[in-house]
Amino acid sequence: MTNQTLTPEILVIGAGPGGSAAAWALANSGHDVLLVDAAEFPREKTCGDGLTPMAVRTLDRMGLLDEVLAAGAGRIDTFRITGPFGISVSTPFENYQKEFPYALVLPRIQFDDIVTRNAVGAGVEHLFKVRVEQIAREGDQITQVEAKGPQGTIMILPKHTIIAVGAKSGLLKKAGFIHHDVRYIRASRAYFTNNQAKEPLYDFYFDFELIPGYGWVFSDGNGLMNIGVGILPIPLISTKKSTSQLLEQFVQRRQKEGVLGDVELAGPIKGYPLRIDFPAMRVAGANWMIVGEAAGLVNPVTGEGIDLALESGLIAARILHDNIEQGSRNHRGYQREVWDQFGPLFTGLRVLRDVLIMPLFTDYALWLMKQHRFLTRTVMSISQGFAPPQNVFHPRFIVNFFTPITPRLVIEEIRKKRQNNDTP
Ligand SMILES: Cc1cc2nc3c(=O)[nH]c(=O)nc-3n(C[C@H](O)[C@H](O)[C@H](O)COP(=O)(O)OP(=O)(O)OC[C@H]3O[C@@H](n4cnc5c(N)ncnc54)[C@H](O)[C@@H]3O)c2cc1C
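This is how it looks when you write it as structure tokens:
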């Protein structure tokens, strides 16, 4: 077994969307970047495969949108949320996002490969099947990183390090970056096929049986469906059932309702945790930054984190580049910027999540969303990171919130009654 020593200017640990976006941007700015990942690419990542409008926007900025579309990503223009009592709201994404008014669905094995190849194509050196096992620090500074690959141990002595290792927190705990008790969303997903299913779907269900949690059905409209469930970590309330069992029951309920038809399991049910604990820890220090899910950056309502991983990776790269140009080795500016940009969003999302786990309230909120376009637009803009949470204090939002019966509803009911009377 050989011992190798490497001295890159910048080391990026983890080649998921967060690490690869950061590595790509830094290589584009002329830096010497080494990207390491424990896996060999292309690799699967257990995920719902949904790319939010925010992710679509960032992919466009990175020049990757055409490639993602060419890879066969399914475009979805409308999302639907269904509550525990069956109230359902469908809303076109364009009601709150004009520039990129759609979501995409593409299996992660393809998506991550595109983002990672893009970084390698920009000149990033890469080592795959190399697992980082130890991060040594002196004071706040990372001095040495020890990794193991097929050829043996590799010592890496980077000037700067970006950590993008995703949900698993063991390495971060061992190196003293995490001191809090990390709580995870437990989630499972599986691929299903139904060749009759031609309608693209971006559906969330806040089922009784999943409270406090949710299920999703994402479909590209070509017969492939990604279906999954996530259970929020709420003591005393959360079910102890396994997520794979909950997923099977979730699919059966949707079949009974006629939403899914005759779906067939097209692969194993896979479980993986989700970290939603931003901003519980420091994400930048003397010569290091933490991006993506390793920083807890996952939407605590929907479990979406690809968009935040890409965004935080690009922010980290910009700030690191500026700091290097100015001869600064302290990257606390990144900490400030992600807190400013995502802190209020997470506060708002947690309030929304706490509302959504109260069954009656969920359906009341969905009922209101059916009646009031402004309210729907506001809730969706906030929950997808396109508007600040304080928008709920807009006078029109407050009036909407306390107006469950509207003229539109009354007119619709009259029309329905007339139609019923007219049918023989
Ligand atoms: C069931 C499920 C469904 C989800 N659905 C969605 C969805 O529909 N839409 C959405 O936007 N998000 C979804 N998410 C969240 C999303 O998958 C993550 O938030 C996103 O992948 C985070 O990107 P990342 O780059 O931070 O980390 P990751 O994509 O997890 O990448 C981390 C990389 O680091 C590598 N790594 C880890 N440890 C080491 C080590 N010690 N040494 C070297 N390499 C290492 C891993 O191999 C991996 O390649 C879902 C998650 C789950 C579990």
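Numbered according to the numbering used here, the sequence shown spans residues -15 to 408. Glycine included, each C-beta is placed from N, C-alpha and C at the ideal position.
message = Out of Asn283, Pro284, Pro372, which one is the CA nearest neighbour of Asp324?
response = Pro372
inquiry  = Quick check on the burial criterion: 16 or more other C-beta atoms within 10 angstroms. Buried or exposed for Phe192?
reply    = exposed
ask   = Is Pro342 helix, strand or coil when you go by DSSP?
value = Here residue 342 is Met; the residue named in the question, Pro, does not match the sequence. Met342 falls in the coil class under three-state DSSP.
request  = Can you tell me which of the three DSSP states Met265 falls into?
outcome  = coil
ask   = Under a three-way DSSP split, which group does Leu18 fall into?
value = strand
request  = Using only the heavy atoms of ligand 1, determine whether one of them is closer than 8 Å to the beta carbon of Thr30.
outcome  = yes
task = Pick helix, strand or coil for Ile274, following the three-state DSSP scheme.
result = strand
ask   = So is Gly2 buried or exposed if we call it buried at 16+ other beta carbons inside 10 Å?
value = buried
query = Do the stretch 120 to 140 and the stretch -8 to 8 make contact, defined as three or more Cβ pairs closer than 8 Å?
reply = yes
task = Could you give the DSSP three-state label for Thr362: helix, strand or coil?
result = helix
ask   = Taking the continuous alpha helix (DSSP H) assigned at Asn307, which residues delimit it?
value = 290 to 309
Start-to-end residues for the alpha helix (DSSP H) that takes in Leu185 = Unbroken run through Leu185 is the beta strand (DSSP E), 185 to 189; no alpha helix (DSSP H).
message = Are there any heavy atoms of ligand 1 lying less than 8 Å away from the beta-carbon of Gly58, as far as the coordinates show?
response = no
ask   = Out of curiosity, what's the CA-to-CA distance linking Thr48 and Ala7?
value = Inspection of the sequence shows that residue 48 is occupied by Leu rather than by Thr. About 15 Å.
message = Quick check on Val20: buried or exposed, where buried means 16 or more other Cβ atoms within 10 Å of its Cβ?
response = buried
key: Which residues DSSP lists as bridging Phe63, in chain order   = Thr75
Distance between beta carbons of Gly327 and Val149, contact taken as under 8 Å = In fact, because the Cβ distance is near 22 Å, the residues do not count as touching under 8 Å.
task = Tell me whether the beta-carbon of Asn271 lies closer than 9 Å to the beta-carbon of Arg313.
result = yes
request  = Using three-state DSSP, classify Phe370 as helix, strand or coil.
outcome  = coil
key: Supposed contact pair Asp291 and Ala39 - C-beta distance, whole angstroms, cut 8 Å   = 4 Å
inquiry  = Can you find the residues in the same chain that come closer than 7 Å, C-beta to C-beta, to Ile303, ignoring five residues on each side of it along the sequence?
reply    = His315, Gly317, Tyr318, Glu321
request  = Using 8 Å as the cut-off, classify the Cβ of Gly289 as near or not near the heavy atoms of ligand 1, replying yes or no.
outcome  = yes
ask   = Cβ-heavy atom distance between Tyr256 and ligand 1 below 8 Å?
value = yes
query = So what does DSSP say about Ala349, is it helix, strand or coil?
reply = helix
At least 3 beta-carbon pairs within less than 8 Å: the stretch 14 to 30 vs the stretch 65 to 82 = no
ask   = Going along the chain, which unbroken runs of the beta strand (DSSP E) with 3 or more residues stay wholly within the stretch 98 to 176?
value = 109 to 112, 115 to 122, 125 to 133, 136 to 140, 144 to 147
task = Name the two residues that bound the continuous beta strand (DSSP E) containing Met209.
result = 208 to 215
7 Å Cβ shell around Gln125 - same chain, five flanking residues per side excluded = Ala270, Asn271
request  = Report the partner residues of Glu248 according to the DSSP bridge assignment.
outcome  = Thr177
inquiry  = Spatial neighbours of Asp246 within its chain, please: C-beta separation below 7 Å, excluding the five flanking residues on both sides.
reply    = Asn178
query = Is Leu(-5) near ligand 1, with its Cβ less than 8 Å from a heavy atom?
reply = no
task = Work out the CA separation of Gln355 and Thr390 for me, nearest whole Å.
result = 7 Å
message = In whole angstroms, give me the CA-to-CA distance for Phe188 and Gly199.
response = 6 Å
task = Determine, using beta-carbon pairs with one atom in the stretch 157 to 168 and one in the stretch 110 to 125, whether at least three such pairs fall under 8 Å.
result = yes
ask   = Roughly how many whole angstroms lie between the Cα atoms of Val201 and Gly136?
value = 43 Å
ask   = Between Asp61 and Pro85, which are expected to be in contact by the criterion C-beta below 8 Å, what is the C-beta distance as a whole number of angstroms?
value = 7 Å
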